[in-house]
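S.K.: Following this message is one structure expressed as structure tokens.
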Amino acid sequence: MERSLRPFARSAALRSTRRSSGRSASIRLEREEPSLPQLRFDDRVAVITGAGRGLGRAYAQLLASRGARVVVNDPGGSLKGEGVDAGPAQRAAQEIEPEGGSAIIEAALDHYGRIDILIHNAGIVRAASLKEMTHGDFDAVLDVHLRGAFHVVRPAFPLMCKAGYGRVVLTSSIGGLYGNHRQANYGMAKAGMIGLSNVVALEGAADGVKCNLIVPGAVTRMAEGLDTSAYPPMSPEMVAPVVAWLAHESCSISGEMLISIAGRVAKAFLAETRGVYRDAWSVEQVAEQIDAIRTTDAPFIAAVVPTGHADHIRYSFEMAARGGHGPEEKTH
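Going by numbering that gives the first Met the number 0, the sequence shown opens with residue 0, and the numbers climb by one from there.
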């Protein structure tokens, strides 16, 4: 693992290029706001997976330019997770093994003595229709995205809890939120990130560890084969400030999802309709009430931290106890 785990040179943070239509152009990492005090990462130790190119590299550059000590894991692989160099640092799939995840965290400990920030960005794509997708392609994508997340979070999380501080940023996707053609493996992996992030946020709350999801949209190798000529600017560097804030000590949220695409930053969340209560249901009654069941008027939205799971159960139980009236409703 020696060649794939290394500190990220801070000088690299001063350089960034974007390729568009075969041309290379310099771009700024960020637009500075002189009226705002700069949020820095001095002496913070960050581990970033999949930082060899694209989004991960943009994250590493920005954090390093703000003073962070960054350890990157560069698999040196192709979009499909295959080695492409004569001596590739590591095949992408190898970083997801338990020992590989531990090695990434141990590299940070060996170099800097601790870990404050973990950003799991590594990913591959193996697209195929559901009718044609092989078990091998399914496993490969879940290995890097979802199992890979667990294998780096697992060794880092207890260290953060013991230190009383930590920031974890995992990566989901609109493919995980809404699905996409030819991406059953990718969509399933990215949807699974939501559950993992929520658990990290819940279990880390008492120890100062926060975990959130980034849902990024950027033109990277993942967009190979697409005609992006009509797209608005969508460089990885446009996503990096959002991830940096999620990784910063001033981050005030946990258990949430932020979307960053083409300059738009938004919150994504799960919600439930108010629902309909009956003490017993028939199939026909479900059919008859389906519109009322599905109406999104006055949705129930529970924050993951600290009591989302309990709030969901409480709301449902109280509706049953109150004969179909929600907790917010008055009964006569």
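Here a beta-carbon is modelled for each residue, glycine too, at the ideal position from N, C-alpha and C.
1) Ignoring anything shorter than 3 residues or poking outside the stretch 149-190, list the beta strand (DSSP E) runs there in chain order.
2) Roughly how many angstroms separate the alpha carbons of V285 and S253, rounded to a whole number?
3) Could you check whether A155 and I213 sit closer than 8 angstroms to each other, using their CB atoms as the reference points?
4) What number of angstroms, rounded off, separates the C-alpha of S196 from the C-alpha of D296?
5) So for P326, helix, strand or coil by DSSP?
6) Apart from the five residues just before and just after L13, which ones in its own chain have a Cβ nearer than 7 angstroms to its Cβ?
7) Closest by CA to H381, which one among I118, E328, P232?
8) Give a yes or no on whether the C-beta atoms belonging to R39 and I116 are separated by under 8 angstroms.
9) Please go through the same chain and pick out, in chain order, the residues whose beta-carbon is closer than 6 angstroms to the beta-carbon of G165, but skip the five residues on each side of it.
10) Measuring straight from C-alpha to C-alpha, what distance separates I312 and A320?
11) Does the beta-carbon distance from T272 to G53 come in below 8 angstroms?
12) Would you tell me roughly how many angstroms separate the C-alpha atoms of G86 and V70, rounded to the nearest one?
13) So, for R68: in the same chain, excluding its five sequence neighbours on each side, which residues have a beta-carbon less than 6 angstroms away from its beta-carbon?
M.R.: If we stick to the structure as given:
1) 165-170
2) Here residue 285 corresponds to residue number 286 of the sequence shown, with the count starting at 1. Here residue 253 corresponds to residue number 254 of the sequence shown, with the count starting at 1. So the alpha carbons of these two residues sit roughly 36 angstroms apart.
3) By 1-based counting over the sequence shown, the position of residue 213 is 214. By 1-based counting over the sequence shown, the position of residue 155 is 156. In this structure, A155 does not lie closer than 8 angstroms to I213 by Cβ.
4) Taking the first residue of the sequence shown as 1, we reach residue 196 at position 197. Taking the first residue of the sequence shown as 1, we reach residue 296 at position 297. C-alpha separation (whole angstroms): 28 angstroms.
5) Counting from one through the sequence shown, the residue named residue 326 turns up at place 327. DSSP places P326 in coil when its eight states are reduced to three.
6) For the purposes of this step, residue 13 is taken as the residue at position 14 of the sequence shown. Only weak support is given to the placement of L13: the predicted model assigns it a pLDDT of 35, under 50, and the question is left unresolved by the model.
7) No information on residue 381 is available, as it lies outside the stretch 0 to 331 that the chain covers here.
8) The residue given as residue 39 occupies position 40 in the sequence shown. The residue given as residue 116 occupies position 117 in the sequence shown. Not in contact: R39 and I116 (Cβ atoms no closer than 8 angstroms).
9) Position 166 of the sequence shown, counting from 1, holds the residue named residue 165. Hits under 6 angstroms: M159, V208.
10) Position 313 of the sequence shown, counting from 1, holds the residue named residue 312. Position 321 of the sequence shown, counting from 1, holds the residue named residue 320. Distance between the alpha carbons of I312 and A320: 12 angstroms.
11) Reading the sequence shown from its first residue, position 273 is the one you call residue 272. Reading the sequence shown from its first residue, position 54 is the one you call residue 53. It is not a contact, given that the beta carbons lie outside the stated cut-off.
12) If you number the sequence shown from 1, residue 86 lands on position 87. If you number the sequence shown from 1, residue 70 lands on position 71. Any reading at G86 must be qualified, since the residue scores a pLDDT of 30, below 50, and its modelled position is unreliable; no value is offered.
13) To locate residue 68, count along the sequence shown from 1; it is residue 69. Contacts found: V44, Y111.
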